[in-house]
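Structure, as structure tokens:
There are 2 protein chains.
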Amino acid sequence: MIEPFNDEYFMKKAFAEALQAYDKGEVPVGAVVVANGKIIARAHNLTETLNDVTAHAEMQAITAAANLLGGKYLNDCVLYVTLEPCVMCAGALGWSQIGKVVFGAHDEKRGFKKYAAQALHPKTEVQGGVLETECRELMQDFFRKKR
Amino acid sequence: MIEPFNDEYFMKKAFAEALQAYDKGEVPVGAVVVANGKIIARAHNLTETLNDVTAHAEMQAITAAANLLGGKYLNDCVLYVTLEPCVMCAGALGWSQIGKVVFGAHDEKRGFKKYAAQALHPKTEVQGGVLETECRELMQDFFRKKR
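In order, the protein sequences belong to chains F and D.
Anchor point for the first sequence: position 4 equals 4 in the working numbering, and the numbering is continuous, going up by one each time.
Anchor point for the second sequence: position 106 equals 253 in the working numbering, and the numbering is continuous, going up by one each time.
Here is the structure:
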């Protein structure tokens, strides 16, 4: 069966969010939350715009998704994010008990896998490397231009 | 010299915030951010009220302090919080590069020290155990009544 709404499909939506961040001069990270095959939240990094270190794409997406669902747990949801979540975001995803986290580029420097490997809920599935090249190159391009 | 505005003084202010959370049926954690000896932000846990796992006292306090200061870094600030920060909050405090974190009760189960020991900025000072007994007993009392 053809499955148009696969991980790559939703990661492209997260990537579109990352591009919006890029255009604002923000570190280009984007995220979407999917429930029952539908996107219920979209967000991109806004730390500079909001002067707020907590305004990562994932944090906003978690808040928005919970708000839409009317409950703070996201067990039946999947978060797609273009970069491996940081410690803060992984901690938030842990509290949310989200069903699955799919990320694009690995982040050796700031990613949770190195610094807080047990931050997520034990039942949360994790998959990294979806559209890895595109997600990584967008980040590299951003930091190259900043120098 | 008498120093009325010491760590216990500010922890009591954080404790007063925790009591507000308690009265709302929230896990009783409170926080204040201090800059130049003055409280610039106060917050208490609102995860139930807001249906939002990210609404920990520390997260709100970081956002409020940065908003007041007009910049996202809190290098010259001290955060007082009644409970050892979790992984999420420690990650956020790490991004903020906050000068010092003073917490009340240790949290063996959910505290960052066990799960993300390097989450804070390397220059951030940490002190735990200020008004530990009061802060711990408030938490214990809350969970005893919930059962």
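Glycine residues also receive a C-beta, built at the ideal position from the N, C-alpha and C atoms.
| Asked | Found |
| --- | --- |
| Please report whether the beta-carbon of D/M286 lies at a distance below 7 angstroms from any beta-carbon of chain F. | no |
| Are the beta-carbon atoms of D/A165 and D/I209 separated by less than 7 angstroms? | no |
| At a Cβ cut of 9 angstroms, what residues of the region 63 to 91 of chain F count as close to chain D, listed as they run along the chain? | T63, A66, N67, L69, G70, G71, K72, Y73, L74, C86, V87, M88, C89, A90, G91 |
| Helix, strand or coil: how does DSSP classify F/I62 here? | helix |
| Among the residues of its own chain, which have a CB less than 6 angstroms from the CB of D/E195, if the five just before and after it don't count? | E173 |
| State the beta-bridge partners of F/L83 as determined by DSSP. | F/A105 |
| Hey, quick one: how far does the alpha helix (DSSP H) through F/K13 stretch, first residue to last? | 7 to 23 |
| So F/L46 packs on F/A55, CB below 8 angstroms; how close in whole Å? | 4 angstroms |
| Using a threshold of 7 angstroms, state whether the C-beta atoms of D/C297 and D/G251 are closer than that. | The structure shown does not extend to residue 297 of chain D, since chain D spans only 148 to 294, so no value can be given for it. |
| In whole angstroms, what is the alpha-carbon distance linking F/R144 and D/R291? | 54 angstroms |
| Taking the Cβ atom as the reference point for each residue, do D/V273 and D/V248 lie within a distance shorter than 7 angstroms? | yes |
| What are the boundary residues of the alpha helix (DSSP H) that F/E134 is part of? | 132 to 146 |
| For the beta strand (DSSP E) containing F/K38, name the first residue and the last one. | 38 to 44 |
| Since F/A119 contacts D/V234 with CB under 8 angstroms, what's their CB separation in whole angstroms? | 5 angstroms |
| Can you name the residues that DSSP bridges to D/C298? | Lying outside 148 to 294, the shown extent of chain D, residue 298 of chain D is not represented and no answer is given. |
| Between the region 253 to 275 of chain D and chain F, which residues of the former have a C-beta closer than 7 angstroms to a C-beta of the latter? | Y262, A263, Q265, A266 |
| Return helix, strand or coil for D/K270, following the three-state DSSP convention. | coil |
| DSSP has D/V179 in a bridge; who is on the other side? | D/R189, D/Y227 |
| Would you give the residue range spanned by the alpha helix (DSSP H) that F/Y115 belongs to? | 112 to 115 |
| Could you check whether F/V32 and F/F15 sit closer than 7 angstroms to each other, using their CB atoms as the reference points? | no |
| What separation, rounded to the nearest whole angstrom, lies between the Cα atoms of F/V29 and D/Y227? | 31 angstroms |
| Mind checking which residues open and close the alpha helix (DSSP H) that includes F/T47? | 47 to 50 |
| Are F/A41 and F/A57 close, meaning C-beta to C-beta below 7 angstroms? | no |
| Comparing alpha-carbon positions, which option in D/H268, D/H253, D/Y262, D/K270 lies nearest D/L285? | D/H253 |
| In its own chain, which residues sit with a C-beta less than 6 angstroms from the C-beta of D/N222, not counting the 5 before and 5 after it? | Q244, G246 |
| Per DSSP, what kind of secondary structure is F/G99 in: helix, strand or coil? | coil |
| Between D/K160 and D/I186, which are expected to be in contact by the criterion C-beta below 8 angstroms, what is the C-beta distance as a whole number of angstroms? | 6 angstroms |
| Going by the CB atoms, is the gap between F/Q60 and F/A43 shorter than 7 angstroms? | yes |
| Roughly how many whole angstroms lie between the Cα atoms of D/A237 and F/F142? | 27 angstroms |
| Can you give me the Cβ contacts of F/G94 inside the same chain, cut-off strictly under 8 angstroms, excluding the 5 residues immediately before and after it? | A119, L120, H121, T124 |
| For a contact defined as C-beta to C-beta under 8 angstroms, what are the partners of D/N198 on chain F? | A66, N67, G70, G71, K72 |
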